[in-house]
Every structure is written in structure tokens, then in C-alpha cells.
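Residue numbers for the sequence shown follow our numbering, so the first one is 152 and each next one is one higher. Built from N, CA and C at the ideal position, the CB exists for glycine as well. One structure is given below, encoded as C-alpha cells.
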Amino acid sequence: QRLYRTGDLVRRHPDGTLEYAGRNDHQVKIRGHRVETGEIETTLLTHPHITRAAVTVREDTPGARHLVGYVVVTAEVPDADLRAHLAATLPEYMLPAAFVTLDALPLNAAGKLDRAALPAPHFDPRAGAYTAPGTGTERLLADIWKEILGVERVGTEDNFFDLGGDSIISLQVVSRARRAGLALTSRDVFLHPTVAALAQAVQPAEDAAETLAEQGALSGPAPLLPAHGWFFETHPVAPEHFNFSVALALAPAYDLDALRSAVAAVVGHHDALRLTFDTAAGPRPSAAYRSATSADAVLDVHDLTAPDGTAGTPDARWRAAVLAAHSGFDLAEGPLIRFVVGQEGAGRPARLAVVAHHLVMDGVSLRVLMEDLATAYEQITAGGTADLGPKGTSVRQWAERLAGHTAAGGFDDQIPYWRAVEDQAVTALPVDLPGGRNTVATQEAVSLALTTEQTEAVLQQASALYRTQANDVLLTALARALRAWTGHDRVAVTLEGHGREELFDDVDLTRTVGWFTSLHPIALSLPEQTAGEADGGWGDAVKSVKEQLRAIPRRGIGYGALRHLADAPVGRLDPQISFNYHGQFDVSGDGTEDALFGPALAPVGGEHAPAERRTHLLDVVGAVQDGRLVFSWLYSADTYREETVRGLAEGFAAELAAFAEHCARPDAGGCTPSDFPLVTLGQAEVDRIAGNGRTVEDIYPLTPLQSGMLFHALADPASGAYLEQLTFTLEGVSDVERLAAAWRRVLERADALRVSLVWERVPEPVQVVHRRLDVPVHIADWSAAAEAERELLLADFLAEDRARGVDLAEGPLLRVALISLGAEDVQVVWTFHHLLLDGWSNAALLGDVVAEYAALGGEPAAAPAVRGSFGDYLRWLAAQDQEAGRDYWRRALAGFEEPVALPYDRAPRQSRDGASTARVEIA
152 QRLYRTGDLV RRHPDGTLEY AGRNDHQVKI RGHRVETGEI ETTLLTHPHI
202 TRAAVTVRED TPGARHLVGY VVVTAEVPDA DLRAHLAATL PEYMLPAAFV
252 TLDALPLNAA GKLDRAALPA PHFDPRAGAY TAPGTGTERL LADIWKEILG
302 VERVGTEDNF FDLGGDSIIS LQVVSRARRA GLALTSRDVF LHPTVAALAQ
352 AVQPAEDAAE TLAEQGALSG PAPLLPAHGW FFETHPVAPE HFNFSVALAL
402 APAYDLDALR SAVAAVVGHH DALRLTFDTA AGPRPSAAYR SATSADAVLD
452 VHDLTAPDGT AGTPDARWRA AVLAAHSGFD LAEGPLIRFV VGQEGAGRPA
502 RLAVVAHHLV MDGVSLRVLM EDLATAYEQI TAGGTADLGP KGTSVRQWAE
552 RLAGHTAAGG FDDQIPYWRA VEDQAVTALP VDLPGGRNTV ATQEAVSLAL
602 TTEQTEAVLQ QASALYRTQA NDVLLTALAR ALRAWTGHDR VAVTLEGHGR
652 EELFDDVDLT RTVGWFTSLH PIALSLPEQT AGEADGGWGD AVKSVKEQLR
702 AIPRRGIGYG ALRHLADAPV GRLDPQISFN YHGQFDVSGD GTEDALFGPA
752 LAPVGGEHAP AERRTHLLDV VGAVQDGRLV FSWLYSADTY REETVRGLAE
802 GFAAELAAFA EHCARPDAGG CTPSDFPLVT LGQAEVDRIA GNGRTVEDIY
852 PLTPLQSGML FHALADPASG AYLEQLTFTL EGVSDVERLA AAWRRVLERA
902 DALRVSLVWE RVPEPVQVVH RRLDVPVHIA DWSAAAEAER ELLLADFLAE
952 DRARGVDLAE GPLLRVALIS LGAEDVQVVW TFHHLLLDGW SNAALLGDVV
1002 AEYAALGGEP AAAPAVRGSF GDYLRWLAAQ DQEAGRDYWR RALAGFEEPV
1052 ALPYDRAPRQ SRDGASTARV EIA
């Protein structure tokens, strides 16, 4: 037998059948992914109007590589339709950036495709994916996202998390937006992660609730926060030496006097920097604000050229100065922050280290502090005075409110959850050197970085595929690496969060400096691994970990409050490994000549007292630096050998690299129950309904009235119950195709119209919101028919149209027919299930169609009406007090035993169907 190597790629199914998947000689690399162009071509050919297809990579501009699709069609197909057709089965990175329609594909002399002869496209590399911000609010939000996320362009439909956003960055968005006069919360960013959606959710700052705040220099006692309680419980040896720091180069021509004034401004503005702590007051330390602090009390300037003749290099003197700041704090006297400046004379860059005790500073606070320092410096050097704006909620106010909420039982409903976490059996981590000292003096670190391509996959592509946040993927990789080491599927981990949760409407902590960090345990469990899983088990694993993290109440803030502010029965689990992801951590300057800060400098170390005992065997700390995920594994050399920890770090990095490869798979992706919080579905039901999640936007419950309509429609399918059919004539329509385009645009915008229904094998019926659901807009021309004939044609059309009904399970549940009657008159037949629309909505949609028709024709038109989504309404409905509503109606209807009969003048019809006609003139 002779075998021929054809170069065809196939998938072999369990029944032995082969599915063609392209060719193996046209594999290309785009944005770090290996892409089989043959698979894209095969998918294009499944479109009913495409007869030939080719896909290639072009680099018409150096460095700008992109996929281009070439098609031969039997009817015109818009690029958006082609892109949607591919997006239904292929990941985003496999979608061509442009399409070119040809009469025929070019062939060479051998009759093969001549790829070199394919023409260059004329395209915007993100055409179809970018919608420019239109309103002032959209432009403002897009500019904020661009600045904070470091991206060149943000469209109205770009997803915050797909662009690399996370919970910490969302706080920066909230802060910048409030400065610009927009009131929103980080919860708003999570619920409305696109510019278009967020712009509808925000409100002017003057309309928001008044912020709880204390202006002026604060004095007097201040309650402790949960992080303070954890610290004093776990750091008894040298509590005065546990710091947070950053080191940066200063601009070559920086002004020391202006810096001194800027330091005075930020220390005066952020009251927490003046907190002191009395550890001798009793079993529980107390805190208080010290009196105003001058810049000289917190600013140290060192000449690193050693004019006094001391030995050592400038680097050595710098190190000594920073270490002295680290070890020089007095908790009872304060202040607990130092600004250390090192100078080497003209022509040499100066250095700045900011050293603060962790009791008054966390990672979010450091970002705020450095931004305010740069702002104050810029204001002063421009000839003005420092103005950092009004203060937000103070540390003292937050501590008092949190303590009161805890004492009032505000977190008591979380106790069963935390007890269940602590009750899970978790195996201790293995150690190399049992009994070794686990102190800061013996601490070492192993650091590894991912590539920029892998970082993009973990932080951005994963979000689009699995609707994840960074920690979902990072902790999945950690659990998998630890399983490979320990052989166990469950591991206890201490997680750190920013702790600035929005528990109270009038609290604003986005620009408050302090230690708000929340710490809590989680027992991470991985699903049982099955040998031979095509995706290496990553899909199920990331879904499982994601759901475990979503189940944490209030992102863990209640645990510390219950443990350190109350006598709640929690605190029996102390994990041996901690995990802390700082996000995109960059406080360096923007590179402009007048910026105060230059690039970040290598850390000096010395942040913690050498004699202090470490709180975990392993601490895993990560951040994004220069576009790359960097993780450090901290350990005691008296407990672990370096090769052990390096193996763990490399295993963790390998898992993340494997996940990046997994994201390139066409079958990667999927949703979890927490993605659809309005409905109650299990993972198997979500998988069945949403598939890989690429075509499903959301899943909604039915309203009570919708449920009733569905019941009647299913009870008597042939009756056509609640099938509505509106027909009317529009005059002055010069372009029917433009009117059709207007209808399509309006119908695509409304989430309520892009639904199909699922009622089988689910606890309650649900409506599935599709990202795209083509609503049929039929165009016909009856202009040559006489009026009498048109009436007959219309009667037949309406009867046939009604007999077709709608497919509730497949959707769409509506359609439109536009029939040209001549003389710029168009007969509109609008058929829809009443479950979708009420009378108010009908009028609103028709008004939008008229406005869109005018806009498409370049005619002056009012801006499109800003409408909330149907999902917003359903969320509002779910938040209502149902029991209070029932009580009201019980009282209102008390005494009524049966409906009140109303008189009528003729016998009523018993059937549900009916028709009526009215003529309405629209100016």
C-alpha cells in the first residue's frame, strides 16, 4: 500500500469520522498565537454566500502584521456579517482584520492559489471592532481608560477587563472619574465594563450622595482596622519595623525646595501619615493622630558624594540612608513615613525613596501618594500652591463605620461560610528542612517573568474567553503547580485584597491613604484530573477556581472584621502560603521632561526586621512590570532549598505558559454560573446553554408577566397567543435600504430583542441574550401593483407571516418587512412576540428608527436616546423587597373574594386573537 502525505489537517472523532481542519503548510503566528489559516478558510466556506475563500497574513506596513480574508461571494455580504460568522466558532485572534471581495481568486500556472497576487486591502486594522466615543461622557471615560490602562485607543464597546483592567485599577478609574465630575463606583465598572454601558450608569458628581469626609487636620484617637489587628497579632518581635517602600530616579533638573513643599502638602493632606500607635496601652494597641508634621520631620536629603570623606560608593551610601529610614520608626512618636533624597551633584540624577510603615500605607495608597506628590510638585513649580482637592472618607471614619457594621451583625451571615472554609481538610505543605528558622533574616527570593505575549494571554485574552479576572487564572496556575508538588487537589492560601469595598453609599476611599488591606483564607480545590483531556484540564480548572473566588462574600472583607473587630468564631485556619497580586504596579514618571519622577530603581531591601518571624512558609507576590507578569517566591533558606522553590516557581510559570497556549485553542472559553447572577443555573446547564460563551452575552430570568405569556404560548402553540403584528405606512422614505439599515441598527442595540428562550432542563425558564442575533428585515417592491392588488397582496402576506409564527427556542422573536409602494411610501409589517415588547417600547423603538434613518442619510437629527438595558431593569426588579410587595397587595385587596364584573354592551369574544386599525400621522 502506498500512502500520500497530502498536508491536510483533520480531527478524528470518537466514531472514526474525520473533520477537515485546514492545511499544515499555512500556519502563521499572530499576536503570539499560532494560527492555521486553513481553518479560517474552512469556516468562511460554511457561509451560504461564499464560494471561495483564502486567508493570509500581510505586513504592508513594517511591524503591522494582520490577517486578511479574501472571498468570492454570490451575494453582497457586509464585513460585519463575515466577522460575526467567524466569531461564532473561532477565537477573536483568528478573526481577519479586513476582508476583500474578489470576482475570483488569483491562480498561478499550476492552477493553485497565487497568494502573492492577492491585493492589499484598504482597511482600519480594527475596523468593525472599534466604535469611537460619541457623547462627552463616553469621551471622558475613554480618555481615563487610555491613560490608566496605557492603551492607544479605547472604543465604546471595548471591555475594561479585556484591556487588562482589574479591581485595583478600577479604583483608579473611579478616582479619576470623580475628579472629572462623574460619580461612579468600582461595582459600576464590574457591572458595566464597556465605555458605552458605563457612560449610561454614571451620574454627575453633584447628584451623588454626599461623601462622608473630615476636612482639615485631624486629631484625637482613631480605631484600629482589621489589618492593624492582624499585624499586632503576628508581629510581636519588632512591630516598629514592617514597611512599604518604593525608589525612583528624580528628574535631572528637579527643584528641591518645590519637592519639600510638595512633601509638606501630601503629608498634611493625608492624615493617616500622622497616625501613631501605642503598644503599651494594654492588651490591644491604640491609635491616634499626632499634631501637624513639617516637611523637615519627614524629608531627609543626603549628599552621596561623601563630602565628609566617608568611605564607600554613592550606591553604598544610598543603601545605608534607605536602611536607616527603614529601621528608624517609633510607633508611639511617629511620623511613620520618610522621604529620602540622594544627590550626587550637577549632571547626576538624584534619587528618591519613599519609606512608610505598613500600618499607614498599602499598595493602593502608595499609588495615590505618588500621584498627589507629583501633582503638588507640578502646581508649585508652575508658580501656584498645592491644591489636592477635598478629602475623601478618613481612615477614622471608615474604621468607625466598619466596627459599627460588624457589631450590628453586618457580617454575621458570613460566619457559616468562613467556618466551612476552615473545616475543609487541607494537607500541610512539605518542607525540606523541618524545624528551621522561618525568619526575615533567612528569607530568600526566586523571581521569574512571563513573556509579554503570555502576559497578554493571561490578563486579556483569558478575560474575553472565560470572563475572568486576573486572580482567577493566576490562582488556578498556583493550585495546579502546588498539586504537581504535593499530590493534593486542595491547598489553603491566604489571599490579600485591597479592602476598599463599597459597603456604604456615602463612603469614598478611592483617594484615602491608609492600610485597608483585607486578608482571608481560601481552600482552593481543583476538579479531579482526567487523563487525556484535550485541553490539559485547564478549562474545567479555571472555571472551578473562578467560581470558588466568586463565592467569597464581599471579596473577603468580612473575615478580618469578624476575626479582629468581634469575637466571632473564625480564625482557626492559618494557611502556609500567601498570594498577593498587585496588578499593574508602576508609580514612575510618564517620561516627559517636566515630570518629577524618572524610572523605578532597584529596591534596597530592609523593609522588615530581620528577627521577625515570617507569617507563611511561602509568599507569592506578583505584579505587571514593563508589560510582563513578574512573580517572586519568598521563602526561608532554613526551611527550603533554593532548587525546591525554583522548581515551584518554574512550575507555576510553566502552568501560566500552558494556559497561554490553551487560549489559542479554538475550543477554549466558556462561562460559569456567576457570570449570570440573575438566574440559578449549574455549571452543566451553563455549558449546555452558553457553550464556549462567545455568542452569548448574558442570561436573564423572565419577568412574571413574561413567564405567564410563555406558559400560554407553550400550552397552545397553534393558537398564536401573544404574537403581535403591526402594519403601517411610512411616507417620505426615499431609500428603503437605508430604512432597513436603520431598523437593523436599532434592533441590534437592544439586549431585550436579541433573545431566545430556554425552558427545558432548567430550574426556571430563562432568556438567552445573544451577542448577535440577525433579525430578518425583508424588503419587497409592490410599486408596480395596483392599489386593489396591493390590498390582496398585503392580506395574503399578513396571513402567511402570522402563520409562520416565531421560534421561541431559536429566536429571533421578531422580524420586519419593508414593502415599497412607490411615491416614497413604505408599508411596514412588524411581527413580534408580545413577550419582547410592550406598547411603550414599540413607540420608543419606532422613534429610534426614524432618528437613525435621518442620521444615516446625513440629515440633522437628535442624538440617539440613551436607554438603559433590559438587564438593568431585571437587576432592579431582583433587588426589590418581594415580601413587602406581597404585604402591600394583601392589604390593598383585603375583602375581595372575586374580580369585580364590569358591564358590557355586547357578548365578549372568547378567542385571544383580534385585529384593529388606526391611522396616525407623524409630523
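CA-to-CA distance, Ala-238 to Leu-890, given in whole angstroms = Leu-890 and Ala-238 have their C-alpha atoms some 27 Å from each other.
request  = For Ala-1058, collect the residues of the same chain with a Cβ closer than 7 Å to its Cβ; drop the 5 residues on either side in sequence, then sort them by chain order.
outcome  = Correct list: empty, nothing qualifies.
key: Alpha-carbon spacing of Leu-713 relative to Glu-1034, whole angstroms   = The straight-line gap from Cα to Cα measures roughly 29 Å.
query = Along the chain, where does the alpha helix (DSSP H) that runs through Glu-595 open and close?
reply = Here Glu-595 belongs to no alpha helix (DSSP H); instead the beta strand (DSSP E) covers 594–600.
request  = Using the DSSP secondary-structure output, state which residues sit across from Asn-394 in a beta bridge.
outcome  = The partner list for Asn-394 (beta bridge, DSSP) reads His-508.
query = With a Cβ-Cβ cutoff of 9 Å, do Leu-660 and Gly-707 count as a contact?
reply = No, the Cβ-Cβ distance between Leu-660 and Gly-707 is not below 9 Å.
ask   = Rounded to a whole number of angstroms, what is the C-alpha to C-alpha distance between Pro-852 and Ala-1029?
value = Rounded to whole angstroms, Pro-852 to Ala-1029 spans 10 Å at the Cα level.
ask   = By a C-beta neighbour count over all protein chains shown, 10 Å radius and 16 as the cutoff for buried, is Lys-694 buried or exposed?
value = It counts as buried.
key: Extent of the continuous beta strand (DSSP E) run through Val-830   = Premise fails: Val-830 is in no beta strand (DSSP E) and is neither H nor E.
query = Which residue or residues does DSSP assign as beta-bridge partners of Leu-670?
reply = Residue pairing by DSSP places Leu-670 opposite Glu-647 in a beta bridge.
query = Using the C-alpha atoms, what's the distance from Asp-838 back to Leu-877?
reply = C-alpha separation (whole angstroms): 37 Å.
request  = Using a threshold of 9 Å, state whether the C-beta atoms of Arg-641 and Ala-692 are closer than that.
outcome  = At least 9 Å separates the beta-carbon of Arg-641 from that of Ala-692.
message = Going by beta-carbon coordinates alone, are Leu-1044 and Val-913 separated by less than 9 Å?
response = At a Cβ-Cβ threshold of 9 Å, Leu-1044 and Val-913 do not count as neighbours.
ask   = Where do the N-terminal and C-terminal ends of the alpha helix (DSSP H) with Ser-478 fall, by residue?
value = Here Ser-478 belongs to no alpha helix (DSSP H), and DSSP marks it neither H nor E.
ask   = Would you call the segment 720–731 and the segment 855–864 touching, i.e. three or more CB-CB distances under 8 Å?
value = Judged by pairs of C-beta atoms under 8 Å, the segment 720–731 does not touch the segment 855–864, as fewer than three such pairs exist.
request  = Output yes or no for whether 9 Å exceeds the beta carbon distance between Ala-719 and Asp-563.
outcome  = For Ala-719 and Asp-563, yes; Cβs fall inside 9 Å.
task = Buried or exposed for Gln-1031, please, with buried defined as at least 16 other CB atoms from any protein chain shown within 10 angstroms of its CB.
result = So Gln-1031 ends up on the exposed side.
task = Could you tell me the distance, in whole angstroms, from the CA atom of Trp-666 to the CA atom of Gly-798?
result = Going from the Cα of Trp-666 to the Cα of Gly-798 covers about 33 Å.
Where the beta strand (DSSP E) through Val-693 begins and ends = It is not in any beta strand (DSSP E) - Val-693 instead sits in the alpha helix (DSSP H) that spans 689–701.
request  = For the alpha helix (DSSP H) holding Trp-1040, just list the boundary residues, first then last.
outcome  = In the DSSP assignment, Trp-1040 falls within the alpha helix (DSSP H) that extends over 1033–1043.
ask   = Who are the Cβ neighbours of Val-340 in its own chain at under 8 Å, not counting the five residues just before and after it?
value = Phe-311, Gly-316, Ser-321, Val-324, Val-325, Leu-349.
message = Counting only beta-carbon separations shorter than 9 Å, does Thr-846 have a partner in chain B?
response = Within the model displayed, chain B is absent; a lone protein chain is all it includes.
request  = Determine which residues share a DSSP beta bridge with Pro-355 and list them.
outcome  = In the DSSP output, where bridge partners are listed per residue, Pro-355 has Leu-333.
message = Need the endpoints of the beta strand (DSSP E) that Ser-870 sits in, please.
response = No beta strand (DSSP E) contains Ser-870, which DSSP labels as neither H nor E.
query = Which of helix, strand or coil does DSSP assign to His-921?
reply = DSSP places His-921 in strand when its eight states are reduced to three.
task = Taking Arg-779 as part of the alpha helix (DSSP H), name the residues at either end of that continuous run.
result = From DSSP, Arg-779 is part of no alpha helix (DSSP H) but of the beta strand (DSSP E) over 779–787.
key: Contacting residues, own chain, Cβ-Cβ under 6 Å from Gly-220 (five flanking each side not counted)   = Here the set comprises Val-206, Pro-247, Phe-250.
query = With distances taken from CA atoms, which of Thr-602, Pro-270, Val-624, Ala-475 is nearest His-759?
reply = Of Thr-602, Pro-270, Val-624, Ala-475, the residue nearest in Cα terms is Ala-475.
ask   = Using the beta-carbon count (16 or more within 10 Å), is His-421 buried or exposed?
value = So His-421 counts as buried.
request  = Using only alpha-carbon positions, find the residue among Ala-497, Gly-973, Leu-924 that is nearest to Arg-845.
outcome  = Residue Leu-924 is the option with its Cα nearest to Arg-845.
query = When you compare only the Cα positions, how much space is there between Phe-146 and Ile-970?
reply = The chain is shown only over 152 to 1074; residue 146 falls outside these bounds and no answer can be derived.
ask   = What separation, rounded to the nearest whole angstrom, lies between the Cα atoms of Glu-848 and Val-919?
value = Rounded to whole angstroms, Glu-848 to Val-919 spans 8 Å at the Cα level.
key: Runs of beta strand (DSSP E) wholly within the segment 923–999 (minimum 3 residues, chain order)   = Taken in chain order, the complete beta strand (DSSP E) segments of 3 residues or longer contained in the segment 923–999 are 928–932, 965–973, 976–984.
query = Taking the beta strand (DSSP E) that Asn-731 falls in, what are its first and last residues?
reply = Per DSSP, Asn-731 is one residue of the beta strand (DSSP E) stretching across 728–735.
ask   = Can you tell which of Lys-542, Pro-754, Leu-881, Pro-761 has its C-alpha closest to the C-alpha of Phe-395?
value = Out of Lys-542, Pro-754, Leu-881, Pro-761, Pro-754 has the C-alpha closest to the C-alpha of Phe-395.
query = Can we say the segment 492–503 touches the segment 368–385, given the rule of at least three CB pairs closer than 8 Å?
reply = Proximity of the segment 492–503 to the segment 368–385 falls short of the contact definition, fewer than three beta-carbon pairs being nearer than 8 Å.
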